[in-house]
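Below is one structure, written out as structure tokens; the observations come after it.
In the working numbering, the protein residues as written are 1 to 584.
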């Protein structure tokens, strides 16, 4: 998807530059450590084995104890209950088998029907975790004296509450899961919730005997994938990636980049967080750098499955192993306030485009605080862009006028040296230099605004703030293409009118090519986000207003200069002819 987007924008840029330089109405005229893949996510969930006994593992550390300790609560013999934690923005479901997350509903974001629905198709809130067996927050113990990991996800945990509702004065709460072992040992998982954030704190308490100098490890997994909630699932799947933040840099691997090979956690890696992302949502967990020692990612492109595991140390001294997780939207304000470097997730495009993406989004979100309708936000944003670039527009206009003034002289040079193209080029450049004219001066405003246009292409296509954002009439989602192609056609018409208003001395043979440009742009913009098309339409409208002012302000007062230049050029051309007649 990223490659297709880049090709599309490169095509637009190429056509635009061809228009500017050839056909336009002349003015006148990290070091990145690789993600180590493992078994496919789909196979990871399906393959099951009988886990080693935790009591026996503890007994191996104290001779004679293993014979006295048996697992008091086998998971297969205990009923699986669900604990619901709800707030104003989310509803998380946990199950007693493993204390894992089984459902994650995001109340602020509606789920959409697949592409082909003839309506907006709300079907309740977004639900990110696949139904069935969950691997989300599934925990395993990798003990040095065992060859197989101990799956805590297979153990039965007793919850401290059956339901938690965060509202009103109750803004925070804890949920504890306890797995009791014989002999006074137990495993505890404590989750901490806040009413206003998707970030959930977690503490894992292990038996004291597992702490010590041995290199014991804890593995926390996310998977087997994320559920698509979009109108076009294929477009969503194209953005499925395993992501992680290492040494201050964001690394992402799509499903095609994740090969199938085993990996054993070894060596120290400065990985702050990692997880799974779709187009608009992400599931990730965060571990203190002092504990994180490794990670693994897995993916199956055909099954559209992916998983992420983080490995961290069991501290030598007894105490909680703390981490946190986030299952929610890739919303700019939500991610940046976490202060984990997750804001980089919404910095799209090439390195030169990323700052424009970031600041364009910030400005529009700031405007949206005062203007509820995003259509009006885009109109004011387009106006602001034109105002910012107004000085460049004036400079470009003056350059165009100078070019127009010397066009008769340029034409005279072409007629005089029509059999010597090299001489024509030399004399033309001499004229430009003599009259202090930059032939590319008229291109400057367009070239400067191109990064903004490309940045908005990414912003409207990838930013969740525009997902499902209604504008007016039939436009009920600014992130999707116009279903009736009305706005792209309107955009093409505004571009055509704008070009007609521009002064031109173009060769009549080239004019049909010039008028084809709006049609080409309409064809390209048909599949672009309607927010981008709406923005560019208003850019053209404001350009019309600018051109009316420019034509009155500048071309009126300089029309005489142009006429004089044409007359002088005509007289100069007639003079040699009169001289030849006199000689005869």
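The beta carbon of each residue, even a glycine, is placed where N, CA and C say it ideally should be.
Check: Validate contact between the stretch 485-495 and the stretch 341-354 using beta carbons, cut 8 Å, 3 pairs; Outcome: no
Check: Host alpha helix (DSSP H) of residue 363 (start-end); Outcome: 354-368
Check: Nearest-angstrom Cα separation, counted from residue 314 out to residue 51; Outcome: Legend: pLDDT at residue 51 = 47, less than 50; position of this residue unreliable, no value from coordinates given.
Check: Alpha carbon of residue 97 to alpha carbon of residue 251, nearest angstrom; Outcome: 33 Å
Check: 8 Å Cβ cutoff met for residue 544 and residue 497; Outcome: yes
Check: Terminal residues of the alpha helix (DSSP H) in which residue 392 lies; Outcome: 390-416
Check: N-terminal and C-terminal residue of the alpha helix (DSSP H) that residue 219 is part of; Outcome: Taken as a continuous stretch (DSSP letters only), residue 219 belongs to no alpha helix (DSSP H), being part of the beta strand (DSSP E) at 217-222.
Check: Status (buried if at least 16 other CB within 10 Å, exposed otherwise) for residue 218; Outcome: buried
Check: Proximal residues to residue 105 (C-beta, below 6 Å), its chain only, five neighbours per side dropped; Outcome: 91, 125 and 127
Check: Closest residue to residue 306 among 239, 316 and 458 (Cα-Cα distance); Outcome: 239
Check: Exposure of residue 82, with buried meaning 16 or more beta-carbon neighbours within 10 Å; Outcome: exposed
Check: Pair within 8 Å by beta-carbon distance, residue 193 and residue 226; Outcome: no
Check: Identity of the residue in 154, 170, 174 and 150 nearest residue 161 by Cα; Outcome: 174
Check: Whole-angstrom distance between residue 465 and residue 479, CA atom to CA atom; Outcome: 9 Å
Check: Residue 308 and residue 294 closer than 8 Å at C-beta; Outcome: no
Check: The stretch 196-204 in contact with the stretch 320-331 per 3-pair CB rule at 8 Å; Outcome: yes
Check: Segment limits, beta strand (DSSP E) that includes residue 273; Outcome: 271-277
Check: Neighbourhood of residue 115 by C-beta, 6 Å cutoff - its chain only, sequence neighbours within 5 removed; Outcome: Confidence at residue 115 is low in this model, with a pLDDT of 48, below 50, so its placement is unreliable and no value can be given for it.
Check: Status (buried if at least 16 other CB within 10 Å, exposed otherwise) for residue 148; Outcome: exposed
Check: 8 Å Cβ shell around residue 316 - same chain, five flanking residues per side excluded; Outcome: 211, 212 and 213
Check: As assigned by DSSP and simplified to three states, the class of residue 469; Outcome: coil
Check: Residue 546 versus residue 196: straight-line alpha-carbon distance, rounded; Outcome: 45 Å
Check: Residue 150, DSSP secondary structure in three states; Outcome: strand
Check: First and last residue of the uninterrupted alpha helix (DSSP H) at residue 607; Outcome: Examination of residue 607 is not possible in this model, given that the chain is present from 1 through 584 alone.
Check: Cutoff 8 Å; reference residue 468; Cβ partners in own chain excluding five residues on either side; Outcome: 109, 110, 112, 120, 476, 477 and 479
Check: Own chain partners of residue 553 with C-beta closer than 7 Å, once the 5 adjacent residues on each side are dropped; Outcome: none
Check: Buried versus exposed call for residue 541 [16 or more other C-beta atoms within 10 Å across all chains shown]; Outcome: buried
Check: Residue 322, DSSP secondary structure in three states; Outcome: strand
Check: Contact check, residue 332 vs residue 272, beta carbons under 8 Å; Outcome: no
Check: Presumed contact (8 Å Cβ cut-off) between residue 360 and residue 459, rounded CB distance; Outcome: 6 Å
Check: Rounded straight-line distance, which links the Cα of residue 344 to that of residue 249; Outcome: 9 Å
Check: Span of the beta strand (DSSP E) around residue 189; Outcome: 186-194
Check: Cα-Cα separation, residue 262 to residue 534; Outcome: Its pLDDT being 39, under 50, residue 262 is placed unreliably in this model, and the coordinates cannot settle the point.
Check: Close beta carbons around residue 364, own chain, < 6 Å, minus the five adjacent residues each side; Outcome: 377 and 381
Check: Beta-carbon gap between residue 141 and residue 129 smaller than 8 Å; Outcome: no
Check: Whether residue 320 touches residue 204 by CB criterion (8 Å); Outcome: yes
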